[in-house]
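> Residue numbers (the working numbering), protein chains in the order written: chain R, 123 to 395; chain H, 4 to 263.
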Amino acid sequence: MNPASLQIEDVAKSYRSQSGELLALASCSIEIAPEELHVIVGPSGCGKTTLLNAVAGFQGIDGGVIRLGGETLCTPERQAEPGADRVVVFQHSTLFPWRTVLDNVTYGPVIQGRRSRAEARSLARERLSQAGLAGLEDRYPAELSSGAQRRVEIVRALVNEPRVLLLDEPFRGMDQITRDLMHEALLELYDRARPTVLFITHDIEEAVFLGSRVTAMSARPGRVKATIEVDLPRPREAGLRASARFNELLADILSLVHDEANRAFVAGDREAA
Amino acid sequence: MRRLILGLLGCGLLLGLWYLAVDVLAFGRFGSLPPLGEVLTEWTSHEPVYGTSIFTHNYYADIWVSVRRVLEAFVLAVLLGVPLGLAIGWSRRFRDFTFPVLELIRPIPILAWVPLAILMFPRGEQPVIFLTWLSAFFVMTLNTLLGVQSVDRDLVRAARSLGASPRDVLRTVIVPGALPYVTTGMKIAIGVSWFSLVAGEMVAGQSGLGYLINSSYATVRYPTIVIGMLTLGIVGFATSAAIGALAGRLAPHRTRTAAA
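1. Cα separation between Ala279 of chain R and Phe212 of chain R?
2. Given a cut-off of 8 Å on the beta-carbon distance, is the pair Pro37 of chain H and Tyr184 of chain H in contact?
3. Examine chain R for any beta-carbon lying closer than 8 Å to the beta-carbon of Pro179 of chain H, and answer yes or no.
4. When you compare the CB of Pro317 of chain R with every CB in chain H, is at least one pair closer than 8 Å?
5. DSSP has Ser139 of chain R in a bridge; who is on the other side?
6. Asp132 of chain R by DSSP, collapsed to three states: which one?
7. Would Ala192 of chain H and Val117 of chain H be called neighbours here (beta carbons separated by less than 8 Å)?
8. Can you tell me whether Arg72 of chain H is buried or exposed, with buried defined as 16 or more other CB within 10 angstroms of its CB?
9. Does any residue of chain H have a CB that is nearer than 8 Å to the CB of Gly230 of chain R?
10. Under 8 Å by Cβ, that's how I've got Val133 of chain R and Gly192 of chain R pegged, so tell me the actual separation to the nearest angstrom.
11. Considering only the alpha carbon of each residue, which of R:Ile233, R:His214, R:Glu265, R:Arg208 lies closest to Val223 of chain R?
12. To test your reading of the DSSP string, which unbroken alpha helix (DSSP H) runs of 4 or more residues are found completely within the stretch 352–379 of chain R?
13. List the residues of chain R whose Cβ lies closer than 8 Å to the Cβ of Arg160 of chain H, in chain order.
14. Give, in chain order, every residue of the stretch 227–253 of chain R whose Cβ lies closer than 7 Å to some Cβ of chain H.
15. Within a Cβ cutoff of 7 Å, which residues of the same chain sit near Ala24 of chain H, ignoring the five residues on either side of it in sequence?
16. Leaving out the 5 sequence neighbours to the left and right, which residues in its chain are closer than 6 Å to Leu79 of chain H when beta-carbon positions are compared?
17. Quick check: the Cα distance between Ala270 of chain R and Gly333 of chain R, rounded to an integer number of angstroms?
18. For Thr175 of chain H, which residues in the same chain have their Cβ closer than 6 Å to its Cβ, ignoring the five residues on either side in sequence?
19. Please report how far the alpha carbon of Ile152 of chain R lies from the alpha carbon of Asn175 of chain R, in whole angstroms.
20. Mark Phe141 of chain H as exposed unless 16 or more other C-beta atoms lie within 10 angstroms of its C-beta, in which case mark it buried.
21. From the DSSP output, read off the bridge partner residues of Ala338 of chain R.
22. At 4 residues or longer, what runs of the alpha helix (DSSP H) sit wholly inside the stretch 88–151 of chain H?
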């Protein structure tokens with residue numbers, strides 16, 4: 123499977139709440155090119171996770187259409203089925219605690235019947251060692267640091283060669299130092315495999331450092347404010363954070379997001395996931 | 004080592020209190036209880052006065068009958084309770100259908116089932132095994148259900164997004180995810196099995212340790228009552244330990260997690 127384009131067109135979604143219909147997403151359009159690392163950044167409650175869940179097939183949508191590689195993936199009439207062409211990495215670890223690292227990584231290829239156990243194992247060993255995780259194959263997830271768990275989980279996703287990799291705030295709650303290291307580790311994996319990536323975060327610095335393009339969203343209802351091209355060269359390294367261009371981009375996006383966040387802050391809306 | 008010494012000390016204290024209460028103080032009706040010395044002599048006698056000691060055949064026959072009944076009922080409870088718990092936890096429709104029935108029957112104490120058990124099954128083994136099975140079955144079903152409900156929904160989503168079908172999810176996520184609750188259920192079930200076994204044997208049995216205790220009371224063989232009780236303690240402890248060890252083998256990642 124090759125990295126595919128992802129087109130999100132006019133997607134809308136509302137939830138029923140005690141105070142009536144809550145419009146979570148209002149005609150959201152984002153185009154992601156093959157091999158692009160696209161970051162959606164926005165405050166809590168801007169519907170970014172809703173968008174990702176619709177692509178993953180965990181939720182339906184109420185309006186618009188989502189296309190993957192030009193083919194219709196999801197419409198209001200038809201929710202997508204979850205599948206390994208759109209692997210998700212979640213906010214918290216979803217490694218299977220009863221499986222070793224190696225058996226976690228082989229899970230996808232074996233369950234899909236794409237590879238024999240032996241093939242999957244040798245592939246998993248190779249990918250783990252490329253990611254600097256050699257020697258951890260026979261450990262259980264609970265024996266690893268949170269950073270190593272995250273990296274294993276990204277390797278577990280990439281080994282399926284998904285058409286698009288979906289990352290839902292994967293580094294949330296990590297300390298700054300670990301997070302910076304995780305960014306470099308992720309980019310290394312990205313530069314090697316060049317998958318299409320949809321990355322969701324509320325951290326603007328993270329968005330600029332990782333993204334090829336960054337879409338800023340506003341909250342309540344979730345709307346696309348603007349999509350910004352991040353013209354920083356790859357491979358990107360930690361020193362980039364100090365560069366003038368990096369900080370310029372940061373300021374641009376910050377000003378886009380800030381008005382909206384401020385409005386929601388003043389209105390005192392309850393944050394929704 | 005220290006644990007062993009303290010444990011033996013605790014046992015010694017219990018025996019001492021018994022000796023004190025029955026032999027020395029003998030207050031109230033405690034004087035008519037079998038004294039410690041008499042029980043120990045009887046238990047280890049080649050020619051027991053009341054017919055039951057570690058050298059008599061019937062002692063082991065009763066132990067064996069009870070152990071066999073408990074194990075039969077326990078195995079049956081696991082074999083039926085685990086799939087039922089999985090089904091109730093997995094399918095909402097099945098849960099809505101069966102759970103009210105289960106919740107209605109579960110609070111009925113096992114002793115209340117005795118008359119029906121005797122009516123339903125021909126006398127002999129079956130009513131006793133039924134009663135023993137019933138209590139363990141509820142434990143296994145409910146614990147398995149709790150186990151299924153304890154599985155992180157995001158693990159299910161992750162598996163689906165890695166290409167697993169719903170059936171694959173049941174086999175590779177729900178079952179192993181529920182396993183710690185199942186093994187805990189097994190440890191509880193073996194305990195309640197003994198409880199209801201003795202109740203069943205006392206009322207509906209013609210053999211076994213519960214029957215031995217009850218019939219010894221009826222025939223005024225008081226030391227034998229205590230021999231039967233202590234034997235229940237030892238055998239119950241042994242089966243619980245065996246199931247505990249088995250459970251540990253079934254869910255090894257838990258112990259490794261705890262060690263990390």
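Even for Gly, the Cβ is constructed at its ideal location relative to N, Cα and C.
As the structure is a computational prediction, the values presented were derived from the model and not from experiment.
So, from the listed chains and residues:
1. Near 11 Å, if we compare the C-alpha coordinates of Phe212 of chain R and Ala279 of chain R.
2. No, the pair does not count as a contact, with Cβ atoms beyond the cut-off.
3. By this cut-off, Pro179 of chain H is an interface position.
4. Chain H, which has no Cβ nearer than 8 Å to the Cβ of Pro317 of chain R, makes this no.
5. Residue pairing by DSSP places Ser139 of chain R opposite R:Gly142 in a beta bridge.
6. It is a strand residue.
7. No, Cβ-Cβ distance for Ala192 of chain H and Val117 of chain H is not below 8 Å.
8. With 16 or more other Cβ atoms within 10 Å, it is buried.
9. With 8 Å as the cut-off, Gly230 of chain R counts as an interface residue toward chain H.
10. Between Val133 of chain R and Gly192 of chain R, the beta carbon gap of about 17 Å keeps them out of contact (Cβ cut-off 8 Å).
11. Nearest to Val223 of chain R by C-alpha distance, out of R:Ile233, R:His214, R:Glu265, R:Arg208, is R:Glu265.
12. Correct list: empty.
13. By Cβ distance, chain R contributes Ala178, Phe180, Pro204, Val210, Phe212, Thr216.
14. Listed by position along the chain: Tyr229, Gly230, Ile233, Gln234.
15. Same-chain partners within the cutoff: Phe33.
16. For Leu79 of chain H, where only same-chain residues beyond five positions count, the Cβ hits under 6 Å are Trp136.
17. Here the alpha carbons of Gly333 of chain R and Ala270 of chain R stand approximately 22 Å from one another.
18. Counting only Cβ-Cβ distances below 6 Å, and skipping sequence neighbours, we find nothing.
19. Going from the Cα of Ile152 of chain R to the Cα of Asn175 of chain R covers about 15 Å.
20. The residue in question, Phe141 of chain H, is buried, as its Cβ has 16 or more Cβ neighbours within 10 Å.
21. DSSP, once it has assigned bridges, lists R:Val163, R:Ala348 as partnering Ala338 of chain R.
22. Counting only runs of 4 or more residues that sit fully inside the stretch 88–151 of chain H, the alpha helix (DSSP H) segments are 95–108, 117–123, in chain order.
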